[in-house]
Amino acid sequence: FLSHSLQAKMSRPVQARRLEGIDKNIWVEFVKLAATYSKVNLGQGFPDFPAPDFLTEAFRRALSEGNHMLHQYTRAFGHPPLVKVLAQFYEKLLGRDLDPMTNVMVTVGAYQALFCCFQALVDEGDEVIIIEPFFDCYEPMVKMAGGTPVFVPLRPNPPKDGKLMSSADWQLDPAELASKFSERTKAIVLNSPNNPLGKVFSRGELGLIAELCVKHDVLCISDEVYEWLVYDGRQHVRIASLQGMWDRTVMIGSAGKTFSVTGWKVGWVVGPDRLLQHLRTVHQNSVYHCATIAQEAVAQGFQRELMLYGKPESYFVQLPKELQQKRDWLVQSLDGVGMKPIIPEGTYFLVADISQFKSDIPDVPNSDEPYDYRFAKWMVKNKGLAAIPLSAFYSEAHKNNYTNFIRFCFAKEEATLKAANDILQKWKQEKAS
Ligand code: PMP
171 FLSHSLQAKM SRPVQARRLE GIDKNIWVEF VKLAATYSKV NLGQGFPDFP APDFLTEAFR
231 RALSEGNHML HQYTRAFGHP PLVKVLAQFY EKLLGRDLDP MTNVMVTVGA YQALFCCFQA
291 LVDEGDEVII IEPFFDCYEP MVKMAGGTPV FVPLRPNPPK DGKLMSSADW QLDPAELASK
351 FSERTKAIVL NSPNNPLGKV FSRGELGLIA ELCVKHDVLC ISDEVYEWLV YDGRQHVRIA
411 SLQGMWDRTV MIGSAGKTFS VTGWKVGWVV GPDRLLQHLR TVHQNSVYHC ATIAQEAVAQ
471 GFQRELMLYG KPESYFVQLP KELQQKRDWL VQSLDGVGMK PIIPEGTYFL VADISQFKSD
531 IPDVPNSDEP YDYRFAKWMV KNKGLAAIPL SAFYSEAHKN NYTNFIRFCF AKEEATLKAA
591 NDILQKWKQE KAS
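Heads up: the sequence shown begins at 171 in our numbering, then just goes up one per residue.
Following this line, the structure appears as structure tokens:
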């Protein structure tokens with residue numbers, strides 16, 4: 171009897187209903203393609219240049235300087251030195267007093283911060299407004315929490331003078347945005363600077379969103395992981411600093427993006443205790459605790475940045491300066507071959523128009539797969555250059571409206587960007603001959 175029951179296969183469904191329809195993931199597919207075929211990987215968003223020495227040295231010191239307790243658990247909601255320095259830093263940026271123990275929580279990357287937000291704040295039947303194009307995980311995370319995503323697009327308005335488009339030319343239609351708010355709306359997700367476009371929302375645009383949030387008593391989940399990566403002297407405005415917003419906003423940051431250490435997976439949330447207390451409940455019942463040593467090193471990185479705030483030696487000043495140069499190189503490369511770039515105001519991503527390359531990879535009518543997916547797959551397999559299709563950053567319903575673009579990451583060594591340029595130039599010559 172025992173051996174029979176041990177062999178018996180389960181016949182009941184095993185998958186929890188909340189996972190229905192969210193099993194596919196663009197990164198799983200494209201990271202594998204890039205690993206298999208790419209010679210030059212401008213796909214997934216991570217730097218291929220080294221992290222700053224002061225940070226890796228801080229990690230090494232934390233490991234070797236005899237404080238063996240750094241190998242043990244620390245406080246569940248954030249290693250005390252890290253939450254303290256984050257509170258000091260954001261106090262400066264937001265112009266308000268912060269309590270490190272209640273207004274800051276450390277997470278496993280910004281990704282877990284997002285997960286905590288949706289699980290803690292979104293209920294069955296709640297609507298969550300998401301601005302398209304968006305970092306793809308927002309949609310499945312809202313659905314997993316039982317919520318309904320409601321999408322509102324940034325609409326492109328190409329400049330009439332024949333100049334290259336900028337991410338600033340992608341804008342919300344105020345009436346359309348307002349029409350998405352209702353009594354069912356629980357939250358809006360804001361991502362400025364925006365992945366994938368690189369759009370940095372202006373004070374005016376944020377003011378409009380803030381006004382609607384206050385009017386409809388809606389929360390704002392503000393993903394600001396690229397807060398330091400803004401170019402051409404632009405300013406990143408934090409929506410939590412606008413009138414009426416602190417009390418309803420959770421701000422999300424990432425050491426991965428801030429210090430070029432995406433593998434460390436240290437992120438954080440900053441916000442009012444009345445919201446963060448619920449995020450802590452999710453955190454203590456899921457992850458509970460993040461790696462101590464990485465938190466210690468990030469804390470030291472922030473202490474350095476606090477001391478050098480606004481000075482030329484600050485990493486938060488140097489990194490955007492270097493990235494702006496890399497952006498300009500890639501813009502030039504792409505423009506030179508007719509893959510028209512949309513100039514990003516921030517982030518380390520750049521979206522480019524592939525329309526002029528359509529003759530190389532003809533469309534397949536009535537295919538399930540959006541054209542840009544096929545293009546990106548063809549490009550990595552045949553040219554060795556990896557990028558991400560833009561339609562991956564749209565909801566199912568709107569995917570097919572944006573299939574002429576791909577996204578590149580330019581947080582790369584000069585040699586990598588040069589190799590990408592070589593591939594593009596060679597391709598252009600082959601097209602011409
Ligand atoms: N938000 C956005 C907009 C992102 O682009 C990313 C990373 N690609 C994350 C959150 C996740 O950040 P982390 O690596 O810190 O989890």
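Ideal placement from N, C-alpha and C gives every residue a C-beta, glycine not left out.
Per-residue DSSP class, three states only, for residue i
{"i": "Met421", "result": "strand"}
{"i": "Val320", "result": "strand"}
{"i": "Ser336", "result": "strand"}
{"i": "Trp438", "result": "strand"}
{"i": "Leu342", "result": "coil"}
{"i": "Arg497", "result": "helix"}
{"i": "Gly508", "result": "coil"}
{"i": "Ile513", "result": "strand"}
{"i": "Leu189", "result": "helix"}
{"i": "Leu360", "result": "strand"}
{"i": "Phe563", "result": "helix"}
{"i": "Ala522", "result": "strand"}
{"i": "Ile409", "result": "helix"}
{"i": "Phe312", "result": "The residue asked about is misnamed: residue 312 is Val in this sequence, not Phe. Looking at Val312 - three-state DSSP - the assignment turns out to be helix."}
{"i": "Pro326", "result": "strand"}
{"i": "Ile196", "result": "helix"}
{"i": "Asn455", "result": "coil"}
{"i": "Asn570", "result": "helix"}
{"i": "Ala221", "result": "coil"}
{"i": "Ala556", "result": "strand"}
{"i": "Val201", "result": "helix"}
{"i": "Val487", "result": "helix"}
Element boundaries [alpha helix (DSSP H), containing residue i]
{"i": "Asp393", "result": "Premise fails: Asp393 lies in the beta strand (DSSP E), Leu389 to Asp393, not in any alpha helix (DSSP H)."}
{"i": "Phe472", "result": "Thr462 to Met477"}
{"i": "Arg373", "result": "Arg373 to His386"}
{"i": "Asn591", "result": "Glu584 to Ala602"}
{"i": "Val550", "result": "Tyr541 to Lys553"}
Residue i CB to nearest heavy atom of the ligand PMP below 6 Å
{"i": "Tyr281", "result": "yes"}
{"i": "Asn365", "result": "yes"}
{"i": "Ser430", "result": "no"}
{"i": "Val400", "result": "no"}
{"i": "Gly437", "result": "yes"}
{"i": "Ser362", "result": "no"}
{"i": "Gly215", "result": "yes"}
{"i": "Gly426", "result": "yes"}
{"i": "Asp393", "result": "yes"}
{"i": "Phe305", "result": "yes"}
Candidates the options, of which the one nearest residue i by Cα
{"i": "Ile391", "options": "Val439, Asp530, Gly426 and Ala178", "result": "Val439"}
{"i": "Pro251", "options": "Ile463, Gln526 and Ala602", "result": "Ile463"}
{"i": "Lys202", "options": "Tyr564, Lys547, Cys307 and Thr517", "result": "Lys547"}
{"i": "Phe321", "options": "Cys307, Ile300 and Leu334", "result": "Ile300"}
{"i": "Lys491", "options": "Pro540, Val468, Gly403 and Val431", "result": "Gly403"}
{"i": "Leu504", "options": "Glu227, Leu360, Leu587 and Tyr485", "result": "Leu587"}
{"i": "Asn536", "options": "Asn570, Val521 and Ala522", "result": "Asn570"}
{"i": "Val255", "options": "Glu294, Val452, His386 and Gln473", "result": "Gln473"}
{"i": "Lys496", "options": "Pro559, Lys582, Gly423 and Tyr260", "result": "Lys582"}
{"i": "Arg325", "options": "Asp538, Ala345 and Glu297", "result": "Ala345"}
{"i": "His249", "options": "Trp597, Ser362 and Val436", "result": "Val436"}
{"i": "Leu555", "options": "Ala562, Cys579, His386 and Ile593", "result": "Ile593"}
{"i": "His568", "options": "Ala228, Pro323 and Thr318", "result": "Pro323"}
{"i": "Val501", "options": "Leu478, Leu489 and Glu515", "result": "Glu515"}
{"i": "Val550", "options": "Leu347, Ser565 and Glu199", "result": "Glu199"}
Any non-hydrogen atom of the ligand HEM within 6 Å of residue i CB
{"i": "Phe224", "result": "In the structure on display, the ligand HEM does not appear, and the ligands it does have are the ligand PMP."}
Where the beta strand (DSSP E) containing residue i begins and where it ends
{"i": "Cys579", "result": "Phe575 to Cys579"}
Could you pull out every unbroken alpha helix (DSSP H) segment of at least 4 residues lying fully inside the segment 224–305, listed in chain order?
250–264 and 279–291
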